[in-house]
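Visitor:
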Amino acid sequence: MSINFTINGREVIGKKGESILEVARREGIYIPTMCYLAKTTPNASCRMCVVEVKDMDGFILSCNTPPTKGVSITTNSDDLFHERQNIMKLYNVNHPLQCGVCDKSGECDLQNKTLEFQVAQQDFATKEQKRKPKKWGVLSYDPYLCIMCEKCTAVCNQVVGSEALYIKPGGYKSEIDNHFTKCIQCGECISVCPVGAMASSDFKYTANAWELKKIPSACAHCSSVCALEYEVKEVGIGSTFKDKEIYRVTNEADHDSLCGAGRFGYDYENRVTCKDKEAFAKAIGAFESAKSIHFTSMISNEEAYILQGLKEKHGYKLINAEAKAYQNFMKAYTSVSGCTLYSATLDTIRNCDYAITLGSAVSQDNPMIRFALAQAVNNNRAYVSVMHPFEDDMIRNIVSQYVKYEVGSEEGVLALLCENFIADEHRKTFSKFLDSLDEGYICGETSVGEEEFETLNRYKNRKKAPVLILGADLFTHPEAENIARMAGLLDRYSDFDIMIIPSNTNTLGVSLICDLDDEMTAPSLGYNAPANFVLSALGDGDLDMPAMNQQEGTLTSIDKEVVPLNAGLPYHGYELSDIANVLGLTCKHLIDFTCKLPTAKGYSSVAFDDLDNCYLNDGTQVRGYKLDNPKLKASESPSEIADIREFNGSVIYNCNPISQFNRFTDKAHQIIDKAILIGSQQFADAAKIKSGEQVTFSVDGQTITRKFKLSSKLKGTVALNPDFDMFEKSAAYRYTQVKIERV
Amino acid sequence: MSLEQFQDRNVAEQNYFHVDIPDYPTTGWGKVKRAASRTFKGELFVGLWVVFREMIKFDIHTVQYPKEKLPVGPRYRAVHEMQRLFESGTERCIGCGLCEKICISNCIRMETKLDENSRKLVTDYTINLGRCIFCGYCAEVCPELAIVHGPRYENVSDQRAHFTDFSDMLTPIDAAISGTQKEFDGFGAVTPHEDERVKTTPLAY
């Protein structure tokens, strides 16, 4: 349905659900606003966006008024200017006139609008209140500068979904406060603040905005690969080397979001002063004698292409257990669903009205999934059911229903989802599989009651866009193949869109580009992974490699997009392309391979320099290109489910703190979470340990010693064991039954 | 010359006059005549006589640099100075970064941070005098009259990139407290009629 109307005499067409402001922005017509934020629902508090409608008295708010057919709207007139000027005068009441030393350094909405509406002098004043500046971890708040536009509380509630920031009401005394235990330190509030009130504690007052050079790139910490801009400046006075430094990370906050890792985990670069010829010669020697290459998925598509090319030329075995598990999972999924890739994107989740997550620690694994779910709840009143062995307290505001199942019983839970949600007309085709399900047994073993599925079913009525989100617990499950087939079944024969969260930054890209092997044969060569000869971007290996913020390349994101990555900082050492050149894969730069990525796997032959990275007026992100997702013939069907193994006693779950993903985020100085084992009182009692004690246990053959910390937010006998400080992600099932010993 | 006289730009009312200089000869004969008169007029001896006369008078006008120096005008732009507030002695620089921004030869670099009183604090400040062209923009743009050009024009160094530090430029604290710091009245300084130009904002409540 389209609505024809005019703005300033220009014919425009509005879509259903759009406000006048949205249509105007899309068409590039300027309407000033102070409190409007495109990614949240309008809170209509600033009244700057008023417009005139022909043959109507008074002004209307364009931010929350939908257009009607044939209306004629004026966005500029003397009356409107006067109205807006008065609003700006009120905004400026007692606002400190110290713009020279404000952290915003001119990137200030208040300053822009004050100048725009020619507020040259202040006619009003009020008695100044005594207020206190506050500091909440990475963010600091200066109430004197705050204009109470409520953008920060809006993002905290509607986008992040943590409801940490709130308004302490009190007329002119009102200010923002923080339920600090709910705050996940993502810094979304900092990015949307139009004045200098919410600022980054670390960055505050260290540089003026105009001194910083913006380099658009992408975050390389998780598979969401969010767009960001590195803000770079020369390192400080007195440094012995002349180089650049990233001062902060910003993004297009009106339309897009970043989590704490993206915003604060940027300084993980590997500083190398020159090319180390000796180490390079050794590396070439190591490549010549090596039989296998061991690597992680935190590499670009081009590097993955090089590794695959080296495998084809020199017969190396490529070892990446985590990507291999994902690759196998996707292969089994394809065999039933008939698509090479899963069907959902983050936008699907944002626009869904019903979501189930299974096998993922939603807050920790992929923050953008959580943000998208929060937006779905806020915008479409989505029903969100989180299926996981323990309740995640951090997302209590988002979740409608927690479904707790026994550790290890994911296969059974997914089977019951198939039983409940496969469309009736297809049930016959899979009657063999569906009939084999013994609901009583599965319910008993998973300890998910039938009434919980009834609730799920009841809320699904009349929902139009359901999404099923599958997490990393499933890829390493012993029955992963069958789980994947069931996921494929649900994708093809139910109305669910499926999202299979890639477990690491470029797991999807690596699983598409590389032919991975299982067994490692010595001598091995590691790229950010343990081996006989290690190439490391952390600076602790035998040859230094550039970190992801020093590289050009592309990444394959969770949205199945190939997105460009630009180098935020220069790198003076050797790159993987230099090695490739010696070993017979000739290229001038790494990005010469961008157009050679395998088209059979859905990549297009687009050169790196032709990849877009921008936003349109209506907020649409234009980044890189989407992977082709060809339909294949589906042949397989899920088999009977295996007996469900019980996990008794102390169980630990590989799960990182929020914003802490890998050793690179650990290197970043603003992300301070330590690697400690976190468990409930019940866990502590069962394992006979106390908070603060050093404990030791063994996971996947590795003995780990960690400090134990009690958390009042956790329940049950599963403790969280971070793996961000490990050399590589474990390929074993994320839950391990362990024997815990005190050191 | 008094300051009032100096600032008075009305040429018509002052004692300006045209100097009567004869035109240069254009013809060949005229040039020959000029050369002959210059040669035989004895002007050389006039000059020598002046020198001799002044020498025996022992009233020499030559400044005995570096033992003595000519006073420089307030608008002279030499090596920068960082001023302090009178009485309290607090540094005037607020770290706004405008001097760093406006510097056309890119020779100013400052580092700032948040101090414990939630104010902006300048932690480090340098000027590369090897690059500085002494244009005076920094002093002109400074909203606090903190960075000014002083009269110190001697900057000799054994390397081209001769840096000057914040602490070197800063007025000694005792000079500020005792009030001997000289207020800058040169380039970008407050003009005498500044009070009339300031628009007052009502803050009475």
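Residue numbers (the numbering used here), protein chains in the order written: chain A, 1 to 743; chain B, 1001 to 1205. We put the beta carbon where it would ideally sit given N, CA and C, even for glycine.
What ranges does the beta strand (DSSP E) occupy inside the segment 614-682 of chain A, keeping only unbroken runs of at least 3 residues that lie completely in it?
Guide: Taking only runs of at least 3 residues, the beta strand (DSSP E) segments lying wholly in the segment 614-682 of chain A are 621-623, 651-654 and 676-679.
Visitor: Between which residues of its own chain and A/SER557 is the CB-CB distance below 7 Å, once the five residues before and five after are set aside?
Guide: Closer than 7 Å at the Cβ level, and outside the excluded window around A/SER557, lie SER223, SER224, VAL225 and VAL563.
Visitor: Counting only Cβ pairs nearer than 7 Å, list the residues of chain A close to B/CYS1096.
Guide: What B/CYS1096 touches in chain A: GLY100 and VAL101.
Visitor: By the criterion of Cβ-Cβ separation under 7 Å, what are the contact partners of B/LEU1114 in chain A?
Guide: Correct list: LYS204 and TYR205.
Visitor: Closest Cβ-Cβ distance between A/ILE237 and chain B: below 7 Å?
Guide: For A/ILE237, the answer is yes, since a Cβ of chain B falls inside 7 Å of its Cβ.
Visitor: Please tell me whether A/ASN64 and A/SER19 are closer than 7 Å, where the distance is taken between their beta carbons.
Guide: In this structure, A/SER19 lies closer than 7 Å to A/ASN64 by Cβ.
Visitor: CA-CA distance, B/ALA1204 and A/ALA125?
Guide: Residue placement at B/ALA1204 is poorly supported in this model, since its pLDDT is 45, which falls under 50; the coordinates still yield a value, given next. So the alpha carbons of these two residues sit roughly 7 Å apart.
Visitor: Can you pull the chain A neighbours of B/ARG1109, defined as C-beta to C-beta under 9 Å?
Guide: What B/ARG1109 touches in chain A: GLU234, GLY236 and ILE237.
Visitor: Step through the CB atoms of chain B and report whether any lies within less than 7 Å of the CB of A/TRP136.
Guide: Judged by the 7 Å Cβ criterion, A/TRP136 is not in contact with chain B.
Visitor: Could you tell me which of A/LYS601, A/ALA600, A/GLY602 and A/ASN581 sits nearest to A/ASP592, measuring between CA atoms?
Guide: The option with the nearest alpha carbon to A/ASP592 is A/ASN581.
Visitor: Can you tell me where the beta strand (DSSP E) with A/PRO502 in it begins and where it stops?
Guide: A/PRO502 -> no beta strand (DSSP E), and no H or E assigned at all.
Visitor: For A/PHE661, I'd like the list of residues in its chain whose CB is within less than 7 Å of its CB, leaving aside the five on either flank, ordered along the chain.
Guide: Cβ neighbours of A/PHE661 beyond the five flanking positions: HIS221, CYS222, ALA261 and PHE724.
Visitor: What's the gap between the Cα of A/GLU231 and the Cα of A/PRO570?
Guide: Going from the Cα of A/GLU231 to the Cα of A/PRO570 covers about 13 Å.
Visitor: What residue does the beta strand (DSSP E) around B/HIS1149 start on, and which one ends it?
Guide: Counting along the chain, the beta strand (DSSP E) containing B/HIS1149 begins and ends at 1147-1149.
Visitor: Rounded to the nearest angstrom, what separates B/VAL1072 and A/LEU258 at their Cα positions?
Guide: Whole-angstrom Cα-Cα distance: 57 Å.
Visitor: Please classify A/TYR441: does DSSP put it in a helix, a strand, or coil?
Guide: In the structure shown, A/TYR441 sits in a helix (DSSP, three-state: H, G or I).
Visitor: Is A/THR149 near A/CYS35, with beta carbons less than 7 Å apart?
Guide: In the sequence as displayed, the identity of residue 149 of chain A is Cys instead of Thr. Yes, these two residues count as a Cβ contact at 7 Å.
Visitor: Say whether chain A places a C-beta atom closer than 7 Å to the C-beta of B/TYR1205.
Guide: Note that B/TYR1205 scores a pLDDT of 41, beneath 50, so its modelled location is shaky; the value from the coordinates is reported in the next line. Closer than 7 Å: yes.
Visitor: At least one CB of chain A closer than 7 Å to the CB of B/SER1118: is that the case?
Guide: So yes, B/SER1118 belongs to the interface.
Visitor: Just the C-alpha distance for A/MET394 and A/LYS182, rounded to the nearest angstrom, thanks.
Guide: Cα to Cα, A/MET394 sits roughly 7 Å from A/LYS182.
Visitor: Below 9 Å on C-beta distance, what does A/GLU211 contact in chain B?
Guide: Those within 9 Å of A/GLU211 in chain B are GLY1097, GLU1100 and LYS1101.
Visitor: What residue range is occupied by the uninterrupted alpha helix (DSSP H) comprising A/VAL377?
Guide: It spans 367-380 - the alpha helix (DSSP H) in which A/VAL377 sits, taken as one unbroken run.
Visitor: By how many angstroms is the C-alpha of B/LEU1044 removed from the C-alpha of B/ARG1053?
Guide: Going by the C-alpha atoms only, they are around 14 Å apart.
Visitor: To be precise: take each residue of the segment 1118-1142 of chain B, compare its Cβ to all Cβ atoms of chain A, and keep it if any distance is under 7 Å. Which residues remain?
Guide: Listed by position along the chain: SER1118, LYS1120, ASP1124 and THR1126.
Visitor: Contact criterion: CB-CB distance below 7 Å. Does A/ASN92 meet it with respect to chain B?
Guide: False, the Cβ-Cβ gap to chain B never drops below 7 Å.
Visitor: Using a C-beta cutoff of 7 Å, does A/ASN208 count as contacting chain B?
Guide: Yes, A/ASN208 counts as interfacial toward chain B.
Visitor: Taking 7 Å as the threshold (beta carbon to beta carbon), is B/ASP1059 in contact with chain A?
Guide: It does not; no Cβ of chain A falls within 7 Å.
Visitor: According to DSSP, A/ASP544 sits in a beta bridge with which residue or residues?
Guide: The partner list for A/ASP544 (beta bridge, DSSP) reads A/SER536.
Visitor: For a minimum of 4 consecutive residues, which ranges assigned as the alpha helix (DSSP H) are wholly contained in the segment 226-269 of chain A?
Guide: Runs found: 260-264.
Visitor: Counting only beta-carbon separations shorter than 7 Å, does A/PRO133 have a partner in chain B?
Guide: Closer than 7 Å: yes.
Visitor: What's the C-alpha gap between A/THR599 and A/ILE306?
Guide: Answer to the nearest angstrom: the Cα atoms are 16 Å apart.
Visitor: Beta-carbon separation of A/LEU470 and A/GLY359 under 7 Å?
Guide: In this structure, A/GLY359 lies closer than 7 Å to A/LEU470 by Cβ.
Visitor: Provide the residue span of the alpha helix (DSSP H) that contains B/TRP1049, from first to last.
Guide: Here the alpha helix (DSSP H) through B/TRP1049 covers 1043-1057.
Visitor: Report the rounded CA-to-CA distance for A/ASN482 versus A/ILE7, giving the unit in angstroms.
Guide: If you take the alpha carbons of A/ASN482 and A/ILE7, they lie about 56 Å apart.
Visitor: Would the segment 710-721 of chain A and the segment 1011-1025 of chain B be scored as touching if the rule is three or more Cβ pairs under 8 Å?
Guide: No: the two stretches stay apart, fewer than three of their Cβ pairs being nearer than 8 Å.
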